[in-house]
Amino acid sequence: MPRLAALGALAAAAAAATWVVLDPGNSGLPLLLAALGLLVAGAAWLETGPDAAKEIVLVATLAAVAAAGRVLFVAIPGVQPVTVITVAAGAALGPRAGLATGALAALASNFFLGQGPWTPWQMLGWGACGLAGAFLAPLIRRRAPFAAVCFVLGFAFSGLMDLWLWVSFWPHTWQALTVVFGQGFSFEAAHAIGNVVIALAIGPELLRLLERYSRRLRTEVVWA
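Here my numbering is used: the first residue of the sequence shown is 5, the next is one more, and so on.
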């Protein structure tokens, strides 16, 4: 059933994306539907793991910590620990956990910061950061590479949100796109630099801590 749900959600997301291509002037609703379809597919994927129940508990805890950190840092625009925690979760626990941690952190924190049509895209953006952490896990064992990846992902996440804003609400011209990216650059830079500072401070330690929990999740005791 989870696999069927994932396939159905992916098909719905593809249909919504086709709607955007065919009618770009009215892309707000289909973009929202596409994001929701991808999120449903990700949730169904999480349930297919062999240790899904234990993994979900750990993911929920990590997402709550990331969400709380985002709320606490709200006074500093663009700076928050969600990206770093999500990347570490993906690298230590795998792509499913990374995707779920980022998505849940965005959803939970927006209950305090404000929900809206941007929420599904923030969920997808941070979920993608978790996937990137999983795929780049062998490369981010050391502090400097970890910080460099989080720096790039800070710009990538903010760029995705700027792109969503342009497609959904602005004229589809290069001039409008330039204005949107120009207005958001200071926030993107703050996000990226904040990621570097947080990653240098706690990145490898958090990664090793989560790896220990991951080994415990997958260890079974057999009594002879």
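Ideal Cβ positions, reconstructed from N, Cα and C, are used throughout, including at glycine.
None of the values given here were measured: they were computed from a predicted structure.
- DSSP, read as helix, strand or coil, puts G137 in helix.
- Here W178 is exposed: its Cβ has fewer than 16 other Cβ atoms, across all protein chains shown, within 10 Å.
- F150: member of the alpha helix (DSSP H) spanning R147 to F173, first to last residue.
- Burial state of E192 is buried, judged by a 10 Å Cβ sphere holding 16 or more other Cβ atoms.
- A68 is the residue among R212, G198 and A68 whose C-alpha sits nearest the C-alpha of F115.
- Distance between P99 and V91, taken at the CA atoms: about 10 Å.
- In the assembly as shown, V184 is a buried residue. Its beta-carbon has 16 or more other beta-carbons within 10 Å.
- Where P99 is concerned, the enclosing alpha helix (DSSP H) starts and stops at P99 to L117.
- Note on geometry: alpha-carbon atoms of A203 and P121 lie some 29 Å from one another.
- Contact check for G102 and L135: beta-carbon distance about 6 Å, within the 8 Å limit, so the pair qualifies.
- Between A112 and M127, the C-beta spacing is not below 7 Å.
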